[in-house]
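Participant: Numbering (the numbering used here), first residue to last: 6 to 414. C-beta: ideal position from N, C-alpha, C; glycine also. None of the values given here were measured: they were computed from a predicted structure.
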């Protein structure tokens, strides 16, 4: 391996994808995170693999599937994936929440899912956060408008497991044991890395330390309030690692941002595609799939957007988690959605949106991974830092106590 700054070269992509929004999702993954960055054998570690029935499952099984989907823990229990999705088509709709089209390629995921299965996707509150998803499920329970599916950061996911229906997708065996709850209450789906995205006109940036340069006064944006937003929380972790801190103690990261605020470099603005396009936030600390999505969106506007995994810190990553609402109004459609996002097609869709899918290793072995998308993403080759639940809790406590020097909104 070469030096860090050679290994963590900027991501330069020529993909026409939409921009990305500012996420309000507290991401805190426990120790259950395994990331793989090079071709390797399939993990195959699972507690109870569930195989799909043959694709020719009779359509007559759909009514039965619709009736039994509420308690089904696998597609096999309902006659296979085709039968599940046929029942979902009968239900007609799947309710999603907090799934903006420019987040990790959700727009394409939704379009392709509807085209394949004929199930309408109702995507509500796209800018909501993980806790908002849980709140909405409680407030809308029994109305038919409650979310069928959750897409949650780790801390919120682990705190609300009583709200989920256990379900093991047909590709369950491909998901490492560390990346799923044993019965299928939640399953890691995709991850990204903390990056610095910037308008090339401001100069070259390769390290976290570069952000202290006086020429960046009024130009640096952190994606949200780190006491509430996952991207911002992990941005502070990144800064800690770049300044002698660790996953056990992120004080150095808080001190760095305090210094950045006192110098006037840090903006009290939560960045969005609009603020980036207008030049209001020309430097953004955010997930790779959010910053990466800006490259194609800004290119037609004459803006060259660069994305770099900083060379002065270990990469920082965290998974989001998929779960089925046990009170889903459309239980079959919800299970069909889960089957699709964990299928080869769905996992490659995350990859095209600059997010690494959880089945990466198994798909590399099987030869089903989109190699061009993976090569274009250019992920770090070293294992990232992923906070345990205990480390996350400690960091949240410290942030709550000390993040008082700037209000980002």
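Do three or more CB pairs link the stretch 161-174 to the stretch 269-282 at distances below 8 Å?
Facilitator: No contact exists between the stretch 161-174 and the stretch 269-282.
Participant: Would you mind stating whether residue 199 and residue 243 have Cβ atoms separated by less than 8 Å?
Facilitator: Taking the chain shown and counting its residues from 1, one reaches residue 199 at position 194. Taking the chain shown and counting its residues from 1, one reaches residue 243 at position 238. Contact flag set, yes.
Participant: Do residue 138 and residue 102 count as a contact pair if the criterion is CB distance below 8 Å?
Facilitator: Mapped onto the chain shown, residue 102 falls at position 97. Mapped onto the chain shown, residue 138 falls at position 133. The answer is yes: Cβ separation under 8 Å.
Participant: Considering only C-alpha positions, which residue in the set 312, 408, 364 is nearest to residue 352?
Facilitator: The count along the chain shown starts at 1 and reaches residue 352 at position 347. Per the Cα distances, 364.
Participant: Would residue 81 and residue 195 qualify as a contact pair, given that the criterion is a beta-carbon distance under 8 Å?
Facilitator: Position 76 of the chain shown, counted from the start, is the residue given in the question as residue 81. Position 190 of the chain shown, counted from the start, is the residue given in the question as residue 195. Taking 8 Å as the Cβ cut-off, residue 81 and residue 195 do not qualify as a contacting pair.
Participant: Measuring straight from C-alpha to C-alpha, what distance separates residue 403 and residue 409?
Facilitator: Here residue 403 corresponds to residue number 398 of the chain shown, with the count starting at 1. Here residue 409 corresponds to residue number 404 of the chain shown, with the count starting at 1. In a straight line, the C-alpha of residue 403 is about 11 Å away from that of residue 409.
Participant: Short of 8 Å in beta carbon distance, which residues of its chain neighbour residue 4, apart from the five on each side in sequence? Order them along the chain.
Facilitator: What is shown of the chain runs 6 to 414, which leaves residue 4 out entirely.
Participant: Between which two residues does the beta strand (DSSP E) containing residue 412 stretch?
Facilitator: The residue labelled residue 412 in the question sits at position 407 within the chain shown. Unbroken run through residue 412: none, as it is neither H nor E.
Participant: Between which residues of its own chain and residue 320 is the CB-CB distance below 6 Å, once the five residues before and five after are set aside?
Facilitator: Here residue 320 corresponds to residue number 315 of the chain shown, with the count starting at 1. Around residue 320: 198, 314, 385, 389.
Participant: Less than 8 Å between the CB atoms is what I'm expecting for residue 337 and residue 74, so what's the real figure, rounded?
Facilitator: Counted from its first residue, the chain shown places residue 337 at position 332. Counted from its first residue, the chain shown places residue 74 at position 69. With a Cβ gap of about 4 Å, residue 337 and residue 74 count as contacting.
Participant: Could you tell me if residue 369 is buried or exposed, where buried requires 16 or more neighbouring beta carbons within 10 angstroms of its beta carbon?
Facilitator: Stepping through the chain shown from its first residue, residue 369 is reached at position 364. By the 10 Å Cβ count, residue 369 comes out buried.
Participant: Can you tell me which of 78, 332, 86 puts its alpha carbon nearest to the alpha carbon of residue 344?
Facilitator: If you number the chain shown from 1, residue 344 lands on position 339. For residue 344, the nearest C-alpha among the options comes from 86.
Participant: I need the boundaries of the alpha helix (DSSP H) containing residue 89, first residue and last residue.
Facilitator: In the chain shown, counting from the first residue as 1, residue 89 sits at position 84. Segment 86-96, the alpha helix (DSSP H) holding residue 89.
Participant: What is the rounded straight-line gap between the Cα of residue 354 and the Cα of residue 110?
Facilitator: Sequence index remark: in the chain shown, residue 354 carries index 349 (1-based). Sequence index remark: in the chain shown, residue 110 carries index 105 (1-based). Their backbone Cα atoms lie some 7 Å apart in a straight line.
Participant: Determine the closest residue to residue 96 out of 178, 184, 339, with distance taken between C-alpha atoms.
Facilitator: Position 91 of the chain shown, counted from the start, is the residue given in the question as residue 96. Of 178, 184, 339, the residue nearest in Cα terms is 339.
Participant: Restricting to Cα atoms, I'd like to know which of 88, 407, 279 is closest to residue 262.
Facilitator: Here residue 262 refers to the residue found at position 257 of the chain shown. Minimum Cα distance to residue 262 is reached at 407.
Participant: Residue 108 to residue 91, Cα distance in whole Å?
Facilitator: The sequence position of residue 108 within the chain shown is 103, counting from 1. The sequence position of residue 91 within the chain shown is 86, counting from 1. Each residue's Cα considered, the two are about 28 Å apart.
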